[in-house]
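Participant: Structure provided below as structure tokens; questions to follow.
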Amino acid sequence: MTAIDPARRVVVTGMGVVTPIGTNVPEFWGGLKRGQLGVGPVGGFPVEELKILIAAQVKGFEPKVRLKHFKRDKLITLADRYSWFAAAAADEAMQMAGLEGPIANPYRAACIVGSGAGGLVTFETAYRDLFIHKKLATHPLTLLRIIGSSASAHIGIEFGIKGPTFATCSACSTASHAIGLATDYIRNGVVDIAIAGASESVINYGTMKAWQALHVLSPQGCFPFSKKRNGTVLGEGAGILVLESYAHAKARGAKIIAELAGYGMSSDAQDMVKPTIEGPREAMRMALEDAGIAPTAIDYLNAHGTATADNDRNETKAIKEVFGDHAYKLAISSTKSMHGHPLGAGGGIEAVATIKAMQESWVPPTIGLDDPDPECDLDYIPNVGRDKAVRYAMSNSFAFGGLNAVLVFGPPPA
Amino acid sequence: MDDVATKIIEILKKHMKEPMQSIGLETALTDLKIESLDLAMIVFDIEDSFGIEIPYNANEEASAFKTVGSVVERVKSLKAATGG
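Going down the list, the protein sequences come from chains A and B.
So the first sequence is numbered by this note's numbering: it starts at 687 and just counts up by one.
So the second sequence is numbered by this note's numbering: it starts at 488 and just counts up by one.
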């Protein structure tokens, strides 16, 4: 374990989410408890001749209601949908942390909120206007809506954060990288507090066509580790944490939800789509080492579990290499079976699911898992969640390009 | 007031944080308290409504436009030039 100043241990004091199965943490947790399916017919735009007609879309999210109370950021309701999700999740996390903007010590705060692709829905609308509707100009806010750092900027403006503010971008590991970087900043004394995570909202005609062309989407549903699994299902949403140094949280009397005990990052450096076992294994191993715990200390693992054959088999093998015999005793689940694959936001949403599992002593299931793939022979908590004391938990994110980031959460420091 | 002026004033009001009740042709643009981003949105809306392009650079002072009336006149001349 890297020697970390005890005062600079990193704790979680707030969490926020927007997901297809709940647009705040209590609703999301309720959805996980019920085994709610967030996947349904894709809509909201002309589906034309799409072959894949399902997605996990966020429904009933009203930015003008949810973000109405924003004081400093005057443009938030005119921003892209991905910024709305980020702002709503950050707002929930800050409220849970008992913090209000503008932050008291603004240069000692960071806002690292990533996105795999930024405002792709805005992009498509603008290009439709230009190329199909032959409009003379795009909407003036097009550029500001599109850029992948606009969510972090919006949140930074609202909460008056003047320290490091930027987005990470690593496809499906975006949120976990953001949370990992924020952890480093806090440990190293760059800042005392950080809003970290990611947001994604890319479900439109062009994105569906691009994913369809890669032939990794399922026409039926997201069934991780199952024999019937035949691809992933696009999702959307945001998952954001408020992280603080232990000393900072203690000094202001904040309620500490969990410790961000360790994280690991690695890159396969081999192939854009074919994952290695080594990369994910090393990221998990580094996260455990960073946390200073043995593999046997992990009680629950929130898998990347995308329901692609490559991921599910590879992740299973990598878990076995890291955990040995303990792999078979470990409670593992892919909550993507319920909320779909929210791409860059995945690690943030799943971090919240992981921390809630620790708080509530209940591990969420992998739904749709009646008949497992014989090569996926671990305990993936099929269909029904269960009571289980969770002291330490791991959350995996493995992205296209072989970009891996793994987080380990533990109990609040004694 | 003609249709062009009515439409332009409607657009101005839509983008103002605190819409003034009485906007006339003689109203100075500086009295409207329009911020730079709002101006870009107003220009976009006017261009879209009238099918014209207004030469305008956010880095330069819009000195050609002093009053609402000067905007209306400019839009009319651009409309005429594009055959609109």
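Where is the CB? At the ideal position from N, CA and C, for every residue including glycine.
Since this is a predicted model, take the numbers as computed values, not measurements.
What runs of the beta strand (DSSP E), each 3 residues or longer, lie entirely inside the segment 940-987 of chain A?
Facilitator: Whole beta strand (DSSP E) segments, 3+ residues: 944-953.
Participant: Examine chain B for any beta-carbon lying closer than 8 Å to the beta-carbon of H825 (chain A), and answer yes or no.
Facilitator: Yes, contact with chain B.
Participant: What residue from A:G1054, A:D766, A:R873 and A:N1090 has the CA that sits closest to L1103 (chain A)'s CA?
Facilitator: Coverage of chain A is limited to positions 687 through 1100, which leaves residue 1103 (chain A) absent and any answer about it impossible.
Participant: Who are the Cβ neighbours of I832 (chain A) in its own chain at under 6 Å, not counting the five residues just before and after it?
Facilitator: Counting only Cβ-Cβ distances below 6 Å, and skipping sequence neighbours, we find G804, G805, T808 and F809.
Participant: Quick one: which unbroken beta strand (DSSP E) runs of 3-plus residues sit fully inside the segment 782-852 of chain A? Chain order, please.
Facilitator: Counting whole runs of 3 or more residues, the segment 782-852 of chain A contains the beta strand (DSSP E) stretches 795-800.
Participant: Hey, would you say A776 (chain A) sits closer than 8 Å to I872 (chain A), going by beta carbons?
Facilitator: No, Cβ-Cβ distance for A776 (chain A) and I872 (chain A) is not below 8 Å.
Participant: Pairs of beta-carbons, one from the segment 745-752 of chain A and one from the segment 822-839 of chain A, closer than 8 Å: are there three or more?
Facilitator: Short answer: they don't touch.
Participant: Under 7 Å Cβ to Cβ from T514 (chain B), same chain only, skipping five residues before and after it: list those, please.
Facilitator: Answer for T514 (chain B): T554 and V555, listed in chain order.
Participant: Rounding to the nearest angstrom, what Cα-Cα distance links M488 (chain B) and H502 (chain B) in this structure?
Facilitator: The straight-line gap from Cα to Cα measures roughly 20 Å.
Participant: Which same chain residues end up closer than 6 Å to M687 (chain A) when comparing Cβ atoms and leaving out the 5 residues on each side of it in sequence?
Facilitator: Its pLDDT being 48, under 50, M687 (chain A) is placed unreliably by the model, and nothing is read from it.
Participant: Compare the Cα-Cα distances from G726 (chain A) to each of A:G950, A:A742 and A:E886 and report the closest residue.
Facilitator: Of A:G950, A:A742 and A:E886, the residue nearest in Cα terms is A:A742.
Participant: In whole angstroms, what is the alpha-carbon distance linking E922 (chain A) and K1015 (chain A)?
Facilitator: Going by the C-alpha atoms only, they are around 32 Å apart.
Participant: Give me the subset of the segment 512-538 of chain B whose CB atoms are less than 8 Å from a CB atom of chain A, sorted by chain position.
Facilitator: Listed by position, the residues of the segment 512-538 of chain B near chain A (Cβ gap below 8 Å) are L524, A527, M528, V530, F531, E534, D535 and G538.
Participant: Would DSSP call N546 (chain B) helix, strand or coil?
Facilitator: Correct three-state label for N546 (chain B): coil.
Participant: What separation, rounded to the nearest whole angstrom, lies between the Cα atoms of A993 (chain A) and Y543 (chain B)?
Facilitator: For A993 (chain A) and Y543 (chain B), the distance between alpha carbons rounds to 51 Å.
Participant: Excluding five sequence neighbours on each side, which residues of the same chain lie with their C-beta closer than 8 Å to the C-beta of P1058 (chain A)?
Facilitator: The answer, listed in chain order, is F911, S912, K913, Y1066 and P1068.
Participant: According to a CB-to-CB cut-off of less than 9 Å, which residues of the segment 808-824 of chain A neighbour chain B?
Facilitator: Against chain B - using a Cβ distance shorter than 9 Å - the residues of the segment 808-824 of chain A are K821, L822, A823 and T824.
Participant: Run the CB neighbour count on V959 (chain A), radius 10 Å, all protein chains shown included, and call it buried at 16 or more, exposed below.
Facilitator: Exposed: under 16 other Cβ atoms inside 10 Å.
Participant: Residue range of the beta strand (DSSP E) that N1082 (chain A) falls in?
Facilitator: Taken as a continuous stretch (DSSP letters only), the beta strand (DSSP E) holding N1082 (chain A) covers Y1078 to A1085.
Participant: Establish whether the CB of E540 (chain B) and some CB of chain A are separated by less than 8 Å.
Facilitator: Output row for E540 (chain B): interface = yes.
Participant: Tell me whether A980 (chain A) is buried or exposed, calling it buried when 16 or more other Cβ atoms sit within 10 Å of its Cβ.
Facilitator: Answer is exposed; the Cβ neighbour count stays below 16.
Participant: What does the Cβ neighbour count give for N1000 (chain A), buried or exposed, with the cut at 16 atoms within 10 Å?
Facilitator: That one is buried.
Participant: Take the Cβ of N546 (chain B) as the centre, count every other Cβ of all protein chains shown within 10 Å, and call the residue buried at 16 or more, exposed below.
Facilitator: Looking at its Cβ environment, which holds fewer than 16 other Cβ atoms inside 10 Å, N546 (chain B) is exposed.
Participant: Look at the alpha carbon of P1098 (chain A) and the alpha carbon of I498 (chain B), and state the distance between them as a whole number of angstroms.
Facilitator: About 55 Å.
Participant: Tell me whether V728 (chain A) counts as near the ligand MG, meaning its Cβ is closer than 7 Å to at least one heavy atom of that ligand.
Facilitator: Summarising the ligand content, the structure contains no ligands, and the ligand MG is consequently not present.
Participant: Would you list the one or two residues that DSSP bridges to V704 (chain A)?
Facilitator: Its beta-bridge partners are A:A924.
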